[in-house]
Amino acid sequence: MRAELKVYPRLGRYFRNCEELASAGCMKRNRLYKVLKGDKEFTADEKRAIANSIIGKMIAGEIDKEDLSEVMKARSNFDEVFRIKE
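Position one of the sequence shown corresponds to residue 1404 (the working numbering), numbered consecutively onward.
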């Protein structure tokens, strides 16, 4: 999956595949692929849903909590935390 995440490569640390990421963002995979290629942008609701999903995984112990403060920051500054700086 990491190879496909051109615009948001850091999201690959938290999701096993694109289907899981699309589900977290409440979107279809086709839309997700367009966002990840840079053709479209995540909506504010999709960004919030993805950040909340990551936080939920951390609380549930599915992934390490070492980045919790950074992911909490992503709830309001998603692009700053996850997007490639151009």
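We put the beta carbon where it would ideally sit given N, CA and C, even for glycine.
Asked	Found
Where the alpha helix (DSSP H) containing V1484 begins and where it ends	1481-1485
Unbroken stretches of the alpha helix (DSSP H), 4 residues or longer, contained in the region 1416-1473	1421-1427, 1432-1440, 1447-1463
Assigned exposure category for K1450 - 16 Cβ within 10 Å defines buried	buried
Residue burial classification, A1454 (beta-carbon count within 10 angstroms, cutoff 16)	buried
CA-to-CA distance, A1452 to L1439, given in whole angstroms	16 Å
N1480 versus A1447: straight-line alpha-carbon distance, rounded	10 Å
Contact set for E1422: own chain, Cβ-Cβ below 8 Å, skip 5 residues either direction	R1432
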